[in-house]
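Asker: Would you mind keeping the following structure in view while I ask a few things?
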Amino acid sequence: MQEAWTILDRQPDPVLVFDGQTHAVRFQNRAAARLAGQSAAAGVPLADLCGWLRMSAAKVATLLETMDAESAPKHLEVSHCDAHFDVTVQLPGLSGFPDQIVAAFHDITERRNAERQKQELVSTVSHELRSPLTAIKGAMGLVLAGSAGALPERARDMVQIAHRNANRLILIINDILDLDKIADGAMVFDNAHTPLVEVIDAAVEAVAGYRQRFDVKADLVIEARDAVAFIDPNRLVQVLVNLLSNAIKFSPAGAAVTVRLQDNGAFNRISVTDRGEGIPASEQRFLFDRFVQIGTRNRAATGGTGLGLSIVQAILDKQNGHITFTSQVGVGTTFHVDLPKPDAVPDSDIPKAG
Amino acid sequence: MKIFHVEDDADIREIARMSLEMVGGFHVDQYEHADAALAVAAEARPDVLLLDVMMPGMTGPQLLAELRKMDHMAHVPAIYMTARVQPQEIEAFKKTGAVGVILKPFDPVTLGQEITEMLQSKAA
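Protein sequence lines correspond, in order, to chains L and S. Positions 1 to 354 (full-length UniProt numbering) are the ones given, in order, by the first sequence. Positions 1 to 124 (full-length UniProt numbering) are the ones given, in order, by the second sequence.
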């Protein structure tokens, strides 16, 4: 046993050991002491546990309240000055120390910095792409508007293809920026108690032009007229518009998509059903991946960016929501958006703006 | 209607000029950067200021602050053009005294109409 303590003490990562019953800190290893700016000698009195480690210990203790003897190791992230740590919390039995809980601090500062740099790069590149695209889209728009005189029919067709694809490129950049904002925590969610019927009406209204273009109707089946969720209504409209546009795009002309609102007990469910080709089982698991478009249709013709469902999923993640789907080839696809009922969301889980 | 347009990207200047003159029926005077704009500002009598936001040297909002110091420019409606699209940023631009913000990429066919509508909503 003494050997195990020695190994723990010499671990390069900071480690705290908690009492299994009282959750009080019993031990900090040399790396933890060093992190706290204390002498690296073993056996630093715990009364000297520095303020930052004491705060982290309090967070670990809070996490422990949610764990029982059967729990797998859990992770939590703590930051100190410019350093970020991934803390792995292991319960007695799992950690090899009976009656002790081991919390190991793994330094992930470099990973976090790399992520931030990547996000800055994405943001800068996306913004920089907009200036040349402004000139491209502008020049082609003017040519198509006849500002340079009448065009031969074939030239006009080709400029139209270029113009349509410039527009698609702009949509892709907008979607990348959206995803980046969500990942970065920079997307603002303005949550309010929102009647879901209103959100559905707004979304169906927003795709009116689209429905007309593809000759697809929208049937509403409202089974839970009073359903409410604590969400950002604009973001949920964005989610539904995305699902509805897909459903409309992949439905045959003359068909109808169905939007259904149900009370499913623990949560409210909004479902969007299309009468499209369905998604083959082999492609289903890629559906939420970035830049994935299912089926054989030409990407430019469908006008999609391949990022829509990734954005939908990311937004719902931030709103405590959940998306699933069922699909049958030759019959169609249904997406289910499950939203917790307002009283089912603990206060601490409600995402704050920013 | 005379537009005082400051934009550092030559191609976008050209597209905007063609769009505003040929489609929109405006008269457009264009400057490459804030210094060039300030050099002629004392003599200029525009009906609307159309300012790019991100420019080398003085930015659009900084240029607007300089122009506002001149009596004859103090109340000319200003519109920004920008590729920065965060909603918070648009609000911040409006707080610097602009009547509107046009996002790049803009639609050259409706650009003039967009500007006219911004001026009308300001007048209303």
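Cβ atoms here follow ideal geometry from the backbone N, Cα and C, with glycine treated the same way.
(1) From the DSSP output, read off the bridge partner residues of PHE18 (chain L).
(2) Can you tell me whether ARG136 (chain L) is buried or exposed, with buried defined as 16 or more other CB within 10 angstroms of its CB?
(3) Which residues in chain B have a C-beta closer than 9 Å to the C-beta of LYS318 (chain L)? List them in chain order.
(4) Is ALA166 (chain L) close to chain S? Criterion is C-beta to C-beta, closer than 9 Å.
(5) By the three-class DSSP mapping on this structure, what secondary structure does ALA260 (chain L) have?
(6) Does the beta carbon of VAL109 (chain S) sit closer than 9 Å to a beta carbon anywhere in chain L?
(7) With the cut-off set at 9 Å, would you say PHE214 (chain L) and LYS318 (chain L) are in Cβ contact?
(8) On a Cα-Cα basis, can you pick out the residue from S:VAL48, S:GLY57 and S:ARG17 that is closest to ALA34 (chain S)?
(9) Quick one: which unbroken alpha helix (DSSP H) runs of 4-plus residues sit fully inside the stretch 108-150 of chain L? Chain order, please.
(10) What is the DSSP secondary structure of HIS75 (chain S), counted as helix, strand or coil?
(11) Inspect the beta-carbon positions of VAL99 (chain S) and SER121 (chain S) and report whether they are closer than 9 Å.
(12) Closer than 7 Å between beta carbons: that is the criterion. Which residues of the stretch 128-159 of chain L meet it against chain S?
(13) DSSP three-state call for HIS106 (chain L): helix, strand or coil?
(14) If we ignore side chains and look at the alpha-carbon of each, how far apart do VAL53 (chain S) and MET22 (chain S) end up?
(15) Tell me which residues share the same chain as LYS74 (chain L) and place their Cβ nearer than 7 Å to its Cβ, disregarding the 5 neighbours each side in the sequence.
(16) Could you spell out the range, first to last residue, of the alpha helix (DSSP H) harbouring LEU316 (chain L)?
(17) Verify whether the separation of the beta carbon atoms of ILE311 (chain L) and ASP178 (chain L) is less than 9 Å.
(18) What does the alpha-carbon distance come out to for the pair PHE230 (chain L) and ALA114 (chain L)?
(19) CA-CA distance, residue 355 (chain L) and ALA162 (chain L)?
(20) From S:MET55, S:ARG17, S:THR96 and S:GLU89, pick the residue whose C-alpha is nearest to that of GLU128 (chain L); which is it?
(21) Tell me whether the stretch 281-289 of chain L and the stretch 258-268 of chain L touch, counting them as touching only if at least three CB pairs, one residue from each stretch, are closer than 8 Å.
(22) Indicate whether the contact test is met: 3 or more Cβ pairs, each with one atom in the stretch 194-210 of chain L and one in the stretch 223-241 of chain L, closer than 8 Å.
(23) Looking at the structure shown, is VAL78 (chain L) part of a helix, part of a strand, or coil, going by DSSP?
(24) From ALA255 (chain L) to LYS217 (chain L), what distance separates their C-alpha atoms?
(25) Could you give the distance in angstroms between the alpha-carbon of VAL78 (chain L) and the alpha-carbon of LYS181 (chain L)?
(26) Is DSSP giving ASN174 (chain L) helix, strand or coil here?
(27) Classify ARG290 (chain L) as helix, strand or coil using the three-state DSSP reduction.
(28) If you run the structure through DSSP and keep just helix, strand and coil, what is PHE214 (chain L)?
Answerer: The relevant details are as follows:
(1) L:VAL25 and L:ILE101
(2) The sequence given here places Ile at residue 136 (chain L); Arg does not occur at that position. Buried.
(3) Of the protein chains in the structure, L and S, none is chain B.
(4) yes
(5) The sequence as given places Arg at residue 260 (chain L); Ala does not occur at that position. If DSSP states are grouped into helix, strand and coil, ARG260 (chain L) belongs with the strands.
(6) yes
(7) no
(8) S:GLY57
(9) 109-144
(10) coil
(11) yes
(12) ARG130, SER131, LEU133, THR134, ALA135, LYS137, GLY138, ALA139, GLY141, LEU142, ALA145 and SER147
(13) strand
(14) 24 Å
(15) LEU63, MET67 and VAL89
(16) 308-318
(17) yes
(18) 34 Å
(19) Outside the displayed span of chain L (1 to 354) sits residue 355 (chain L), for which this structure offers no information.
(20) S:MET55
(21) no
(22) yes
(23) strand
(24) 6 Å
(25) 22 Å
(26) helix
(27) coil
(28) helix
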